[in-house]
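J.: First the structure, then my questions, so here it is.
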Amino acid sequence: MSRRESLLRAGLAVALSLAASGAAAAPADDPELARLSQRLTVLEASPDTAQVGTFERYRARQAIDAAREARSRDRPAAVQLADRRVETAEIVVRTQLAQRELDRLDRERSELLVEASRRDADRARAEAERLRVQAQIQAEEAERLRQAADQEAAARQQAEGLLDDVAGKQAAKLRAARERDAELARKEAELLGVEPPPATPKPKPKKK
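All letters in the sequence shown, in the order written, are residues -25 to -1, 1 to 183 by mature numbering (1 follows the signal peptide of the UniProt record, and there is no 0).
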């Protein structure tokens, strides 16, 4: 073996070792977020579901990405929001697929009713009745999924409202603490006979 070949093999071994070390040091994804991402990938990978619920799937993907970037104290709430949005996307996809199937059954039923004028009327009516019952079942399922989606949206809004309330309370506590500190500093300055420090201006409330 030549000296050049020996050097090439040694360099390759070092590179592979560094690559393996880097892979081992890479942080593993949060198992819950990985599970949510997998559920979303299933919706995106299927030809039947890839073209429905696009907006809801986009919001779910945004929530998962935001949860990955969230600080540790904010992560539980962010993961919960991502879970709700993934579930909403799944419900919307199922609802839209059920509606598509319902439309298809309605068209098939209409075609059968037209055909009934040329074929045996009793047999055509029996088949139409079967399809009517099936369409009714599909409609009831679509309505159930719609109501579930509405309930999910209401729960999500409530959760987001709670998060806003917590943030507002924390800000109020911080302002109160600053005002107490300023008052103590003013009293201390009066006792010492020195100029009190300027009062900290109150933060302007954010416009909604």
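In this text, a Cβ means the ideal position worked out from N, Cα and C, and glycines have one as well.
Among T24, A41, E44, V54, which residue has its Cα nearest to the Cα of E7?
T.: As a working note, residue 7 is residue 32 in the sequence shown. It is V54 whose Cα lies nearest to the Cα of E7.
J.: Evaluate contact between the stretch 85 to 94 and the stretch 11 to 24, counting only Cβ atoms and requiring at least three cross-stretch pairs below 8 angstroms.
T.: Touching, no.
J.: In the DSSP assignment, find the unbroken alpha helix (DSSP H) run with Q26 in it and report its ends.
T.: Position 51 of the sequence shown, counted from the first residue, corresponds to residue 26. Q26 -> no alpha helix (DSSP H), and no H or E assigned at all.
J.: Quick one, which of A64, Q13, L15 has its alpha-carbon nearest R131's?
T.: Along the sequence shown, one-based indexing puts residue 131 at 156. The shortest Cα separation from R131 among A64, Q13, L15 belongs to A64.
J.: Return the CA-CA distance between A42 and S85, expressed in angstroms with no decimal places.
T.: Within the sequence shown, the letter at position 67 stands for residue 42. Within the sequence shown, the letter at position 110 stands for residue 85. Roughly 48 angstroms between the two C-alpha positions.
J.: Measure the alpha-carbon distance for A152 versus E158 and round it to whole angstroms.
T.: Here residue 152 is taken as the residue at index 177 of the sequence shown, counted from 1. Here residue 158 is taken as the residue at index 183 of the sequence shown, counted from 1. Approximately 10 angstroms, taken between the alpha carbons.
J.: Would you kindly report the start and end of the unbroken alpha helix (DSSP H) that includes G168?
T.: The residue you call residue 168 lines up with position 193 of the sequence shown. First-last for G168: undefined, no H or E at that position.
J.: Short check: CB of A52 to CB of L138, under 7 angstroms?
T.: On the sequence shown, position 77 is the one that residue 52 refers to. On the sequence shown, position 163 is the one that residue 138 refers to. For A52 and L138, yes; Cβs fall inside 7 angstroms.
J.: Rounding to the nearest angstrom, what Cα-Cα distance links V61 and Q74 in this structure?
T.: Numbered from 1 along the sequence shown, position 86 holds the residue referred to as residue 61. Numbered from 1 along the sequence shown, position 99 holds the residue referred to as residue 74. Roughly 20 angstroms separates the two Cα atoms.
J.: For A134, which residues of its own chain have a beta-carbon under 6 angstroms away from its beta-carbon, when the five flanking residues on both sides are left out?
T.: Looking up residue 134 in the sequence shown gives position 159. Same-chain partners within the cutoff: there are none.
J.: Looking only at its chain, what residues have a beta carbon closer than 7 angstroms to the beta carbon of R69, apart from the 5 residues adjacent to it on each side?
T.: For this step, residue 69 is matched to residue 94 along the sequence shown. Excluding residues within five positions, the ones whose Cβ falls inside 7 angstroms are L120.
J.: Under 7 angstroms between the Cβ atoms of L11 and A45?
T.: As a first step, residue 11 must be located in the sequence shown, where it is residue number 36. As a first step, residue 45 must be located in the sequence shown, where it is residue number 70. No, the Cβ-Cβ distance between L11 and A45 is not below 7 angstroms.
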